[in-house]
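Note that the protein sequences, when read in sequence, are chains A and B.
When we follow this note's numbering, the leftmost residue of the first sequence carries the number 1, and every step to the right adds one.
When we follow this note's numbering, the leftmost residue of the second sequence carries the number 214, and every step to the right adds one.
Structure first, then comments.
There are 2 protein chains.
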Amino acid sequence: MRVPLERKVLNENDRIAATLRERFKSNGVFCLNLISSPGSGKTSLLERTLEGFGPERRLAVLTGDIQTDNDARRLAHFGFPVRQITTGGACHLDARMVERALEGWPVEDLEILFLENVGNLVCPTSYDLGEEARAVLLSVTEGEDKPLKYPATFHHADLMVLNKIDLLPYVPFSAEVAKENARRVQPDIEILDVSCTTGEGLDRWRAWLDGHL
Amino acid sequence: MRVPLERKVLNENDRIAATLRERFKSNGVFCLNLISSPGSGKTSLLERTLEGFGPERRLAVLTGDIQTDNDARRLAHFGFPVRQITTGGACHLDARMVERALEGWPVEDLEILFLENVGNLVCPTSYDLGEEARAVLLSVTEGEDKPLKYPATFHHADLMVLNKIDLLPYVPFSAEVAKENARRVQPDIEILDVSCTTGEGLDRWRAWLDGHL
Chain A
1 MRVPLERKVL NENDRIAATL RERFKSNGVF CLNLISSPGS GKTSLLERTL EGFGPERRLA
61 VLTGDIQTDN DARRLAHFGF PVRQITTGGA CHLDARMVER ALEGWPVEDL EILFLENVGN
121 LVCPTSYDLG EEARAVLLSV TEGEDKPLKY PATFHHADLM VLNKIDLLPY VPFSAEVAKE
181 NARRVQPDIE ILDVSCTTGE GLDRWRAWLD GHL
Chain B
214 MRVPLERKVL NENDRIAATL RERFKSNGVF CLNLISSPGS GKTSLLERTL EGFGPERRLA
274 VLTGDIQTDN DARRLAHFGF PVRQITTGGA CHLDARMVER ALEGWPVEDL EILFLENVGN
334 LVCPTSYDLG EEARAVLLSV TEGEDKPLKY PATFHHADLM VLNKIDLLPY VPFSAEVAKE
394 NARRVQPDIE ILDVSCTTGE GLDRWRAWLD GHL
């Protein structure tokens, strides 16, 4: 009984996601879905991204959390449009939440729309949000084996952002092993090393974004 | 349509969990459900725990992951019974998985049974596994606001283990703010600071466990 219902929910999600994707595509909006564990640094990466691009850039963020609007408040400082989606218990964003949050927004004017998913390395993977690309963040404090333990999330990602590389001297973590593991589940995955604390690698991250415009 | 089905699944889970709880209780087994984000250090804490207790202690671990038996292999080194539950996609353990994994095990002889949940700060909260207590791990690299963003998980926990305190000098994290946030969602929560790298606080953790026997 459970499987057909899940399929129905996902089919409905896919239908809305397809409409969103068409809307982004026809307006030249690069939409990126950011997925990671809680605390891997999605919001910090977005803070540094908004800060690093000039105010002339047309960027916006939808940020998802189960509770609180902390992230929207953190991101609002940079002057770009930001909206919080509070899921109220749901462990992932879905396409309908995105569609609703975009109501009244001039999506057509954007270059890049960031979708910061709920912190969860499992469930967001199953929900297409109409994005053009997916980035999974892994921080060096989480262990090298995460791509093997959460293979679906890494398999469906275009980019892995290896974050918090400033902490490498203090943790038992081999970046090479982590990258090998990511490539085992997704041979075509691109990988960027960054630190939102020191700023290392953020130029390459901005170049990666601009390469998709 | 969705809510009644979820309720049915959870009712079925609660029924099995109640049977497990009765079985643990009548045999004097302290069963602890460990919940955290991926990479917060559940397996490292269990490694140090098994290592720290002598081989005369009657401990066992069921460890849950979506894929791989890495954790069971890591924990098997210490000579205690360990079994891996590979959920194959499910984002949490449920009571039936625990019931099945215990088949043929002399549960009656145990002092402590550790249930290491799938790395996920959201979904495991909804599934009673028959445990006597729940511990949520938070590592200092994850940010102080996690109890507010994932309130259900902290609200239902008896203990918060604040892990990786050896990294405090290198991260922008206030342990006091994190603890205040945890107490805002669960005023009665106990809190232990530990580092599985330096061993700091592990004596208090073992004493906490022994206090439940």
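No residue lacks a Cβ here, since even glycine has one placed at the ideal position from N, Cα and C.
When you compare the CB positions of residue i and residue j, do they come within less than 7 Å of one another, or not?
i, j, result
"P251 (chain B)", "A273 (chain B)", "no"
"G265 (chain B)", "L361 (chain B)", "no"
"D284 (chain B)", "T262 (chain B)", "no"
"G64 (chain A)", "L93 (chain A)", "yes"
"I35 (chain A)", "L62 (chain A)", "no"
"L245 (chain B)", "F327 (chain B)", "yes"
"L46 (chain A)", "L75 (chain A)", "yes"
"T354 (chain B)", "L334 (chain B)", "no"
"R83 (chain A)", "I16 (chain A)", "no"
"G79 (chain A)", "P55 (chain A)", "yes"
"H155 (chain A)", "V185 (chain A)", "yes"
"Q67 (chain A)", "P364 (chain B)", "yes"
"C196 (chain A)", "G28 (chain A)", "no"
Using the three-state DSSP reduction, which class does residue i fall into: helix, strand or coil?
i, result
"M367 (chain B)", "A quick correction: the sequence has Phe, not Met, at residue 367 (chain B). F367 (chain B): helix per DSSP, three-state reduction."
"F327 (chain B)", "strand"
"I404 (chain B)", "strand"
"K8 (chain A)", "helix"
"I229 (chain B)", "helix"
"M214 (chain B)", "Note on M214 (chain B): pLDDT 46, under 50, position unreliable in the model; the coordinate value appears next. Three-state result, M214 (chain B): coil."
"L129 (chain A)", "coil"
"V295 (chain B)", "strand"
"L426 (chain B)", "coil"
"L381 (chain B)", "helix"
"C196 (chain A)", "coil"
Tell me the residue span of the beta strand (DSSP E) that contains residue i.
i, result
"L375 (chain B)", "372–376"
"V311 (chain B)", "V311 (chain B) -> not in any beta strand (DSSP E); alpha helix (DSSP H) instead, spanning 308–314."
"N240 (chain B)", "Element bounds for N240 (chain B): n/a, residue is neither H nor E."
"L137 (chain A)", "133–139"
"R58 (chain A)", "From DSSP, R58 (chain A) is part of no beta strand (DSSP E); its letter is neither H nor E."
Need the endpoints of the alpha helix (DSSP H) that residue i sits in, please.
i, result
"S257 (chain B)", "255–265"
"L391 (chain B)", "Reading off the sequence shown, one finds Ala at residue 391 (chain B), where the question assumed Leu. Segment 388–398, the alpha helix (DSSP H) holding A391 (chain B)."
"L422 (chain B)", "415–423"
"D71 (chain A)", "70–76"
"G361 (chain B)", "The question names Gly, but residue 361 (chain B) in the sequence shown is Leu. First-last of the alpha helix (DSSP H) with L361 (chain B): 359–362."
Is residue i near the ligand SAH, in the sense that its beta carbon is under 6 Å from a heavy atom of that ligand?
i, result
"D401 (chain B)", "As far as ligands go, the structure on display features none, and thus does not contain the ligand SAH."
Margin query: Can you confirm whether the stretch 342–353 of chain B touches the stretch 220–240 of chain B when touching is taken to mean that 3 or more C-beta pairs between the two stretches lie within less than 8 Å?
Written below: yes
Notebook entry, point to check: Does the stretch 186–199 of chain A come close enough to the stretch 158–168 of chain A to have 3 or more Cβ pairs within less than 8 Å?
Noted result: Counting Cβ pairs under 8 Å, three or more are found: they touch.
Margin query: Could you check whether the stretch 316–324 of chain B touches the stretch 347–357 of chain B, counting it as contact only if at least three pairs of C-beta atoms, one from each stretch, sit closer than 8 Å?
Written below: Contact between the stretch 316–324 of chain B and the stretch 347–357 of chain B is absent, with fewer than three C-beta pairs closer than 8 Å.
Margin query: With a threshold of 8 Å, are at least 3 pairs of Cβ atoms found where one atom belongs to the stretch 383–393 of chain B and the other to the stretch 416–424 of chain B?
Written below: no
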